[in-house]
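Undergrad: This is the structure I have questions about; it appears just below.
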Amino acid sequence: MWCNREQSETHTSWSTRAGPRRPPGPSPRSCSGRAPACHPARPVGSRRQTGSVRSRPVILHLDLDAFFTAVEQLHKPSLRGKPVVVGGVGGRGVVSTASYEARAFGVHSAMPTAEARRRCPHAAYLSPRFEAYRDASVRVMDLARAVTPLLEQVSIDEAYLDLTPAHPDATVESVTALVEDLRAGIHAATGLTASVGAGTSKLVAKIHSDLAKPDGLLVVPPGTEAERLAPMSVRAIPGVGPATAARLTAHGVGTVGRLAALDLGEAVALLGKAHGTQLHAFAHGVDDREVVTERAAKSVSAETTFPTDVTDRVTLGRHVRELTARVGRRLRADGLSGRTVVLKVRRHDFSTLTRSTTLDQPTDDDAAVVRHAERLLAGLDVSNGLRLIGVGVSGLSLYTQPDLLDGLLDETLAPVRTTAEDFDRPDAGGADDPDPSPDVELVDTSGPPTGRPTWRPGQDVQHAEHGRGWVQGSGVGRVTVRFEGPGTPVGRVRTFADDDPDLVATDPPRWPAQDDHITDDY
DNA sequence: TCTGGGGTCCTAGGACCC
DNA sequence: TCTGGGGTCCTAGGACCC
């Protein structure tokens, strides 16, 4: 339970503000007003349980403040306290992140860099250095995972944490103390500041991490969600962008409260079935989305915007090959292949077209992707010039079917294709899995073309970074391993080059049957 | 001011099958 | 001869998020 009896009986505000590191700036915003008593232990469905006690979810949303520019300011002290802008620095660039010093001049994300330079000519304009950001992100997320392994990273600088199982007796005070410890730990270890919203759902946590920025914490007591949301603009709801807001405003709906007052039918008529239903629930403070620790990729793509529009098909073909090479590298690095090849172009007038084609078999082969992408490009009129071209692959599966092997396979080794989802669902192979045997694509590993190690499915292995696991599938030049931990979440599937020196056989095989071994121990 | 790059999800129409 | 409905897959576009 979330409630603190004293507080719930005295109707005091449960809000909590940032710790002492908050820089000078806008005055602290707090959860103002009197909160009603929380509902004592009202069950919220059966999905979250710890032992026999059901508790209201305790969800955090952690968001690093002005992340890219903060990393740059840490790495280069001369930038501290000054306006810094990270983004595309070319003629058609846009701002990824503006430091708070730059925001004071009206610079913000997604603004064309040209406009930002006009508003703040003396700022430092930097191209993004994703490697540095990834390093910092990993350090922060590791600290957060020490609080709970139920962490869903939604972007390089954002994550949801579910504290429910680990803290079934959470109170506003205990959540506040825990989060302030985490924020202090992040700052001490990395120099970065994180803002956090805490509440009974992702929605409430997310909205309030935004309101807590920069370097703040807002804890929303259970039971106060709807009334807190009601006066907010509909734009505060994640999923309401410019188009949806305009549509709502045209019908006199500008606040969350007005949206909540609509009939469900009206909301659906206005916004469509899925969107209308979800936003209507959100407006009532209802959000049952779970924190999901692992998610299978659905597509891989790469695109580029030209400095000036391009009409020359030879040039376009060269870009298609380069973009495909980037996509292919990432597919192979993750052991993925896809069935649908997508070509995307943006024309001189900023209109965007996509053309796609679906193959009989998934592929991760550059030549195959290029062939189809070029065919799609050939069907488009480019005479007025393109400003962007992109290549993508979707319909992903975890395993490649190498064309090379077509002739080698005999009927008993006929490949069985499985989707990434089959392997990434959290209970795969677990006690509740109706079919714990891995549905692995079998490929002939008896006669690889080189002297590299040959792995057979079921073999036990160890990997320096990921811990212990067993071989789940093998392909030409690569091996796919399911891990048991530690170091990697239970059930995690990873693919490696089969001569990866960090991949070591454990000998003799002594691995227990996997359905005895995988448990959901959260 | 003139709009990046990487994604996710939804909708809608048409083909096709039963 | 005229005409079903449901389900699935594919394609294209659009909104949205960071």
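Using this note's numbering, read the first sequence as starting at 1363 and increasing by one per residue. Backbone N, C-alpha and C define an ideal beta-carbon position, used for all residues, glycine too. Bear in mind the structure is a predicted one, so any value in this text is a computation, not a measurement.
Give the straight-line distance between the Cα atoms of Gly1619 and Gln1640, rounded to the nearest whole angstrom.
TA: By one-based count along the first sequence, residue 1619 stands at place 257. By one-based count along the first sequence, residue 1640 stands at place 278. So the two alpha carbons sit approximately 15 Å from each other.
Undergrad: My assumption, with CB atoms under 8 Å, is that Asp1650 sits in contact with Gly1690. Please give the rounded CB distance.
TA: Reading the first sequence from its first residue, position 288 is the one you call residue 1650. Reading the first sequence from its first residue, position 328 is the one you call residue 1690. Incorrect: roughly 38 Å between the Cβ atoms, too far for contact.
Undergrad: Once you ignore the five residues that flank Leu1554 on each side, which residues in its own chain have a CB closer than 8 Å to its CB?
TA: In the first sequence, the residue the question calls residue 1554 occupies position 192. Contacts found: Leu1426, Asp1427, Phe1429, Ala1432, Val1433, Leu1436, Ala1498, Val1502, Ile1548.
Undergrad: Give me the Cα-Cα distance between Ala1826 and Arg1590, rounded to the nearest whole angstrom.
TA: To locate residue 1826, count along the first sequence from 1; it is residue 464. To locate residue 1590, count along the first sequence from 1; it is residue 228. Taking the straight line from one Cα to the other gives about 48 Å.
Undergrad: Rounded to a whole number of angstroms, what is the C-alpha to C-alpha distance between Ala1629 and Ile1599?
TA: Residue 1629 sits at position 267 when you count from the first residue of the first sequence. Residue 1599 sits at position 237 when you count from the first residue of the first sequence. So the two alpha carbons sit approximately 15 Å from each other.
Undergrad: On the three-state DSSP scale, how would you describe Asp1572?
TA: Within the first sequence, the letter at position 210 stands for residue 1572. Reduced to three states, the DSSP call for Asp1572 is helix.
Undergrad: Per DSSP, His1710 is paired with what?
TA: The count along the first sequence starts at 1 and reaches residue 1710 at position 348. In the DSSP output, where bridge partners are listed per residue, His1710 has none listed.
Undergrad: Ser1661 and Val1753 - do their beta-carbons sit closer together than 8 Å?
TA: Here the question's residue 1753 lines up with position 391 in the first sequence. Here the question's residue 1661 lines up with position 299 in the first sequence. No; because the gap between Cβ atoms is not below 8 Å, this pair is not in contact.
Undergrad: Could you compute how far the alpha carbon of Leu1441 sits from the alpha carbon of Glu1736?
TA: Taking the first residue of the first sequence as 1, we reach residue 1441 at position 79. Taking the first residue of the first sequence as 1, we reach residue 1736 at position 374. One C-alpha to the other measures close to 45 Å.
Undergrad: Take Met1594 and list the residues in its own chain whose beta-carbon comes closer than 7 Å to its own, dropping the five residues that flank it on each side.
TA: As a working mapping, residue 1594 is identified with position 232 in the first sequence. Excluding sequence neighbours, Met1594 sits near Thr1617, Val1618.
Undergrad: Please work out which residues of its chain come closer than 7 Å, Cβ to Cβ, to Gly1468, disregarding the five sequence neighbours upstream and downstream, and give them in chain order.
TA: Working through the first sequence from its first residue, we reach residue 1468 at position 106. Cβ neighbours of Gly1468 beyond the five flanking positions: Arg1481.
Undergrad: Would Arg1885 pass as a contact of Pro1583 if the rule is Cβ separation under 8 Å?
TA: Lying outside 1363 to 1884, the shown extent of the chain, residue 1885 is not represented and no answer is given.
Undergrad: With a threshold of 6 Å on Cβ separation, who are the neighbours of Val1615 within its own chain once the five nearest residues in sequence on each side are excluded?
TA: On the first sequence, position 253 is the one that residue 1615 refers to. Around Val1615: Leu1621.
Undergrad: Which stretch, first to last residue, makes up the alpha helix (DSSP H) that contains Gly1690?
TA: In the first sequence, residue 1690 corresponds to position 328, counting from 1. Its alpha helix (DSSP H) spans residues 1675 to 1695.
Undergrad: What does the alpha-carbon distance come out to for the pair Leu1488 and Ser1458?
TA: Locating residue 1488 in the first sequence gives position 126, where the first residue counts as 1. Locating residue 1458 in the first sequence gives position 96, where the first residue counts as 1. Between Leu1488 and Ser1458, the C-alpha separation is close to 10 Å.
Undergrad: With a threshold of 16 other CB atoms inside 10 Å of the CB of Val1602, please say whether the residue is buried or exposed.
TA: By 1-based counting over the first sequence, the position of residue 1602 is 240. Val1602 should be labelled buried.
Undergrad: Beta-carbon separation of Ala1608 and Arg1597 under 8 Å?
TA: Translated into positions along the first sequence, residue 1608 becomes position 246. Translated into positions along the first sequence, residue 1597 becomes position 235. Against a cut-off of 8 Å, the Cβ pair of Arg1597 and Ala1608 comes out as no contact.
Undergrad: Compare the Cα-Cα distances from Ile1569 to each of Arg1692, Asp1671, Ile1421 and report the closest residue.
TA: As a working mapping, residue 1569 is identified with position 207 in the first sequence. For the residues Arg1692, Asp1671, Ile1421, the minimum Cα distance to Ile1569 belongs to Ile1421.
Undergrad: With DSSP as the reference, label Val1433 as helix, strand or coil.
TA: Reading the first sequence from its first residue, position 71 is the one you call residue 1433. Val1433: helix per DSSP, three-state reduction.
Undergrad: Do the region 1442 to 1457 and the region 1518 to 1535 touch if we need at least three Cβ pairs shorter than 8 Å?
TA: No, because fewer than three Cβ pairs between the region 1442 to 1457 and the region 1518 to 1535 fall closer than 8 Å, the two stretches do not touch.
Undergrad: Which residues mark the beginning and the end of the alpha helix (DSSP H) in which Leu1739 is found?
TA: Locating residue 1739 in the first sequence gives position 377, counting from the first residue. Unbroken alpha helix (DSSP H) run through Leu1739: 1728 to 1740.
Undergrad: Who does Arg1620 pair with in a DSSP beta bridge?
TA: Here residue 1620 refers to the residue found at position 258 when the first sequence is read from its first residue. In DSSP, Arg1620 forms no bridge with anything.
Undergrad: Using a threshold of 8 Å, state whether the C-beta atoms of Leu1624 and His1646 are closer than that.
TA: Taking the first residue of the first sequence as 1, we reach residue 1624 at position 262. Taking the first residue of the first sequence as 1, we reach residue 1646 at position 284. No; because the gap between Cβ atoms is not below 8 Å, this pair is not in contact.
Undergrad: Just to confirm, are Leu1739 and Val1682 a CB contact at a threshold of 8 Å?
TA: Taking the first residue of the first sequence as 1, we reach residue 1739 at position 377. Taking the first residue of the first sequence as 1, we reach residue 1682 at position 320. A contact, by the Cβ cut-off of 8 Å.
Undergrad: Check for me: the alpha helix (DSSP H) holding Ala1464 runs from which residue to which?
TA: Indexing the first sequence from 1 puts residue 1464 at position 102. Where Ala1464 is concerned, the enclosing alpha helix (DSSP H) stretches over 1462 to 1465.
Undergrad: At the level of alpha carbons, what is the spacing between Arg1708 and Asp1524?
TA: Position 346 of the first sequence, counted from the first residue, corresponds to residue 1708. Position 162 of the first sequence, counted from the first residue, corresponds to residue 1524. So the two alpha carbons sit approximately 40 Å from each other.
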